[in-house]
Amino acid sequence: MGLRLLGPLELVVGRQLVSVGGPRQRVTLALLALNANRVTSVDDLVDALWDSAPPSTARAQVQTCISALRKLFADHGGVAAIRTRPPGYLLEIAATELDSAEFAELVTAARDQADQRRLAEAAATLSRALALWRGPVLADIDSELVRRGAAAFEDGRLAAVEERVRLDLALGRHEDILGELAGLVEQHPLHERLARFRMIALYRSGRQADALETGRRTRTALVQELGIEPGQELRDLETAILTRDPALDLSGIKIPVQLSVRAGPAPRPAPAGERPVVPRQLPASIGDFTGRERLIAEIMTVLSGESDLATAYAVRIVTISGKGGVGKSSLAVRVAHQLGGVYPDGVLYGGLQHLSGTDDPTPKLLARFLRALGVGATTMPDNVPERAELYRSLLADKRLLVVLDDVSDEEQVLPLLPGSSTCAVIATSRVRLSGLLGAHSIDVDVFDTANSMELLAKIIGRKRVRVERDTAVELVNLCGGLPLALRIAGARLASRPHWRIAGLVRRLEDEASRLDELTVRGVGLRSNIDLTYRSLTAPAKRLFRLFAVIRSTDFPAWTAAALLDCDIGTAEDVLETLVDAQLLDAVEMPGEQVRYRFHRLIRICAMERLVETETLDERNQALARVLGGWLALAEHAHRQEFGGDYLVLHGTAPRWRPPGEAADLPESRPTEWWDAERDALLAAIRQAAAAGLDELCWDLALTAMTLFEIRGYYDHWRATAQTGLEVTVRAGNRTGRAAMLLSLGCLHLAQQRLTEAQRCLTEALDLFRAGGNVHGRALVLSNLAIVDGLLGRSPEMLSRYDEALTLMRAVGDRMGEAQVLAGVAGYRADEGDTGSAGQLLDEALAICREVGCRRGEAEVRHRVAHLHLDANQTDLAHRELDRVLVIVREVGDRIGEVHGLYGLGLVLHREGRLDSAETSLLLALGLARRLGERMKEAQALHLLGEIGLDRGDRTTGAELLGQARVLLAGLESKQATRLRTRLEKKMSAPAGDSGSGADCNMA
C-alpha cells in the first residue's frame, strides 16, 4: 500500500490505483495525511473543506467523510487506520507507506553522507528522493488550508534540489546540469542562490558572457519585482567572473562560498599635484557589537545599491530611531564602517548633543565639516545659509557618507544634507524624523534574550555566563534587553571578577535603587533617559510622570485623559509626544486598538520624577480617576451583556468619564472588550486593593465576574474575589465583604465545590441581612437554591427560590427574576410537571427578550431543549440547541457553548446518529478541558464511552468510561453521584452487557 502526496493525491494498493472518493473525501484524507500520525482537529477539517463559510451541518459532513474513509481502508485490508482522538482524528500509517515520509528519510540520509564527504553517494540519494515527486504536493486538492500545509513540502523539495546541484558542482558535473539550472532559474527568477549556481556552471563551461547575463537578469528581476538590489554574494561573484578570479576554478571538490572581492568601487586617483582631502572622522566601532544583522542588511541595501530612475538625483538618507540606550549610535557607526568601500571620499561624523556653547549646534558642526573638507578660517562663511551652500558645493562630485548622531529634530539635519545623489546620510535620533522627506526609517528595538545573553557573554566571558546561566537570564530580564543597561551591568561584573552574577541580580531586584546600580564610571542610564525627558513640553512631562501611577503592563489611550483629567483628543496629542520621544512604546494588538507601555527601566525613571514632583494627594487623585474610569467601562460592558444593572451590586465609589463622548466603550460585543482588557482589569483591581480603595475594589471585582464566569477564567475569578475580600475585611466594609463572599460562593458553585459554596453564600446572606441589603439577599438566595437542588434538598431549594423571587421583583432585577423562574422550571420538569415547567420557561424567556439579554435567552432555551428531550421530542430539542449555539457563539459565552455542544451530542445520540453525536461531543470535551469544566468533561467522556460500546469497540468504550469515573471522584452534586453509580455498575458488568442509554440530564 502507498499513499502518495508528492503530486496528485493517490492511494495505491499493490500496483493498482484505488479511488479515494469525491472532492470532500479527498480533502479530508489530504489533511489527515499532511498530519500523519498526529491528531487533526475537527475544526481544521471544517476549515479545510469550507474555509470561512461552513454550513450548519459541517461537522456531520466531516464525520460522513471519516466513515467513508474508514470503510475504504477496511475494504482494502486495513492499509491505514483513522482513530478518534480528541479533539479530532488521527491517521495511523507507516512511514514506508507514505511518499512524503520516504522523501524526508532519503534527504536525511543524503545529509549524513555529505557530512562524511561521500559526495557522490549523497548526490545519488538526493536524486532518488527527488524522483518520488510527480508534481506539486497534492496538486489536485482544492483547499486553502491544504495548500498552506503543502507549502512546507515544496520548500523542502527546492532545498533538496539546491543541495543536489551544489554537490554536482563540487563533483565537476557543471556541464551536465546546465539545462536543469536554466529551467530552475526561469522558474525561480528571484532566487539568488540558484542564479549563482548557474553562473558558476556557465563560467566553468567557458561561457563567461552568459554567466554575466544571468547575473544581470537576476538583478533586473529583483529591482522590478521587489525594489531591491542583489545581495553581496551575487555582486562579488559578478566581479570574480569579470576578473577571472582563480577561486572560481574547480579545485578538488570545493565550491567557493565567499569570494575575496572588494565591495564597491575603488577610490579615484587624485589629479597630479593635488593633495585630496579625505575626512575619516568616524569613531571606532565597539568590539563587542552584537546582533542587528537584519537592520544592518536593510541599511546596506539602501545605501550601497544603485539608484533607480526615480531616485537617481536624490541623496540617500537613513534615519535610525529608538529609545535612549538602545544602541542607535553603535549601529550607525558599525554600518558606516562597512560602507567604507562604497564611499571612498570619506566619512563626516558629528554628535549633535555633544556640541556645547550654543542652543543650536548646526552652525558649529557645519564649520567643523567645512574645515575637514579643507576650508580655512579666512574663507569660512559667517552665516549658516552660506556655509550650507559651500558645503554642498564641496560634496557635489564626491562619494561621501555623513553620519549625524543624536539629532533632536529635522531642522538640525536640513542644512547638513549634501546636494548630490553620490553622497548618503545616516541620522540617529530618539524621535522619529518623519519630516525628512524620502528618508528610509529604521526603528531599533531592545534585544531579545538570545542577543542580550550574547552581549553579556562578550563583556564578562562565556564561562561566567555558562556557570550561572539561569541567573544571567534574570539579569538580562532586569535590564529589559536595553543594550546600554546590559553594558553597564556587564562592565560592573567585568571590573569585579570575584563577583557572582547573582549578587548583582539581588541589587537590581530592588526597583527603588535599580537606576543607581546601573551606573559605572560616570555612565548611567538615568542621565540618558533624563536627556529626553528634559526636551519635553510641560504637559508631556506631567503625563510621563503620571503614567507611573498605573501598574498594568500596558494601557489604552483613554487612561491618559484620566491622568490629565481632560478630554480624549487633548490627551492623545500629548500621548503621541511621548511615543515620538521613544519614552512610551505603542503596541498594536490583533483586533484591538493601539495600546501603550513603558520599558521597565524607563518606568522606574518616571516613578522617580513622579515622587519628586507630584504630591501624594495628586498621585492618589490621578489613580482614583483611572480606576474610576475602569469601573465606568466595566459597568457599561455589564449592562450591554445583561440589558441593565441586573444580577450585580454596585457601591458608592466615584466613576470617572472623560468630557464628551468616551472612547473604548464596548458596544455590540462586550465579551471582546472584556477579553482585550482582562489583564488591565486584574491590575486595576489589585492596585485598588493596594491603595486601600476598598469600595472601588469590590465593585470592580464583582462587575468583572461577568467576564470570568462566561469565559471560564476561574483562576482570575478566584484571585480578584480573594483580593476584594481581604481589603474589605481590613476596611470593615460589610457590604463589600458580603459581595466578595457572594462572588466566591458562585465560583465554588461553578466548579461543583458545594460545601465551600454553601459556606461562603451562607456567610454572605447573614451579612446582607444584617445590613438590610435586599438585592444582595436575593442574589445569595437564588444561588443557595441551586446548591440545595444539586444536593437533592428540594424543599429547601423551593423555599429559597420563593423568597428570592419575591425580593428580585421588589428590587426590579428582571434577569434575577428570569433566572429564578428557570430554576424552578427545572425542578418542575424533573418532577414530570412539564406543563408548569413550560409556562415558567415562557415567562423567563419573555423577560430575557424584553431586556435584551442574549446570554440569558440561551440559558432558558437550553432548559426548553431539556424539556423537549424529556418528552422524546428530539426534533424540537435539536432546533432549540441550534439556536442556543448560535447565541452563545455570538456573545462569546464559552461555558454556554460547552453545555450546548454536550446537549446536542445527547440529542444526536438519542436519535441514533452516532457519528454526528461523536463530533459534537469531541468539541464539547475539548472546550470543557480548556475551561476546567470537570462535570461536563466527565459527562462528555461518559457519552463517548457509550458510543464506543454501541459500536462494539469495548476497549475504547471502557477506557473513556474509566476516565469519566476518575473525573467524577471529586464532585459532590447529586448529578455526579448518580452518574458515578451508573459508571460503577457499567464498569463491573460482564463483557457483552453494555447496559442501556446515557445520562439524559443536560443541566
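Just so you know, we're using our numbering here: the sequence shown kicks off at 158 and counts up by one.
Using N, Cα and C, we set each Cβ at its ideal position, and we do this for glycine too.
Closest to residue i by C-alpha separation, out of the options, would be which residue?
i	options	result
H105	A534, A581, R587 and W813	The question about residue 105 has no answer, for the chain in this structure spans 158 to 1160.
L807	M764, E769, A858 and L784	The sequence given here has His at residue 807, not Leu. H807 has its Cα closest to that of A858, out of M764, E769, A858 and L784.
V532	E567, P436, S652 and Y506	P436
R887	I250, L335 and C854	C854
A907	V884, W874, P542 and L1136	W874
L359	I398, L924 and H348	I398
L369	W656, V380 and F354	F354
Y753	D563, L439, A714 and V937	A714
V588	V564, T579 and S609	V564
D600	A316, G484 and R549	G484
R1012	L1033, D730, T1031 and E1047	E1047
A810	T892, R776 and S692	T892
I725	F310, P816 and A545	P816
H233	R274, L160 and R473	L160
Near residue i, what residues of its chain come up, given a Cβ to Cβ distance below 6 angstroms and the 5 sequence neighbours on each side ignored?
i	result
I453	V492
L1078	G1062, A1097, L1100 and L1101
E798	P827 and T863
R1137	L1125
L247	V196 and R240
S813	The sequence given here has Trp at residue 813, not Ser. A719, R782, G785 and G786.
A423	At A423 the pLDDT is 32, less than 50, meaning the model places this residue with poor confidence; the figure from the coordinates comes in the next sentence. Closer than 6 angstroms at Cβ, skipping near neighbours: no residue.
V342	L351, A352 and R355
L665	L635, R671 and E674
S900	L859, M862 and A878
H345	L351
G576	R549
Cutting at 7 angstroms between CB atoms, please list the residues of its own chain near residue i, excluding the five before and the five after it.
i	result
R796	D802
A642	G482, C636, L675, L682 and L758
D367	L359
P243	L1079, L1082 and G1083
E920	L898
R1086	E1094
G995	L1024
S1065	Residue 1065 is actually Leu in this sequence, not Ser. So the qualifying residues of the chain are S1073, A1074 and S1077.
P387	E349, T375, R376 and L379
T885	D851, W855, G893, R894 and M897
I'd like to confirm the pairing. Which residues does DSSP put opposite residue i in its beta bridges?
i	result
V564	S586
A581	R473 and L558
G159	V169
S598	T476
D711	In the DSSP output, where bridge partners are listed per residue, D711 has none listed.
S198	G245
T676	G681
G507	L561
L255	L160
Between which two residues does the beta strand (DSSP E) holding residue i run?
i	result
E249	G245 to E249
V744	D742 to E745
How would you write the range of the alpha helix (DSSP H) that residue i sits in, first residue to last?
i	result
Y500	Element bounds for Y500: n/a, residue is neither H nor E.
I453	E450 to S461
V294	No alpha helix (DSSP H) holds V294; DSSP gives it neither H nor E.
A1085	L1071 to L1088
V532	Here V532 belongs to no alpha helix (DSSP H), and DSSP marks it neither H nor E.
E1000	T991 to V1008
D832	P827 to A833
Leaving out five residues before and five after residue i in sequence, what residues of the same chain have Cβ atoms less than 8 angstroms from its Cβ?
i	result
L328	L276, A277, A280 and I410
P428	Only weak support is given to the placement of P428: the predicted model assigns it a pLDDT of 41, under 50, and the value that follows is read from those uncertain coordinates. Cβ within range, chain order: n/a, list empty.
S213	D1039
W290	L163, G164, F260 and R314
T727	A718 and L721
Which full runs of the alpha helix (DSSP H) of 4+ residues lie inside the segment 608–633, going along the chain? 619–624
Within the segment 915–973, ranges of the alpha helix (DSSP H) (whole runs, at least 4 residues): 931–947 and 951–968
Where in the segment 750–809 do unbroken runs of the alpha helix (DSSP H), each at least 4 residues long, occur, reported from the N-terminal end onward? 757–770 and 773–799
Unbroken stretches of the alpha helix (DSSP H), 4 residues or longer, contained in the segment 266–347: 276–287, 301–327 and 335–344
Completely contained beta strand (DSSP E) runs for the segment 177–229, where each covers 3 or more residues: 196–198
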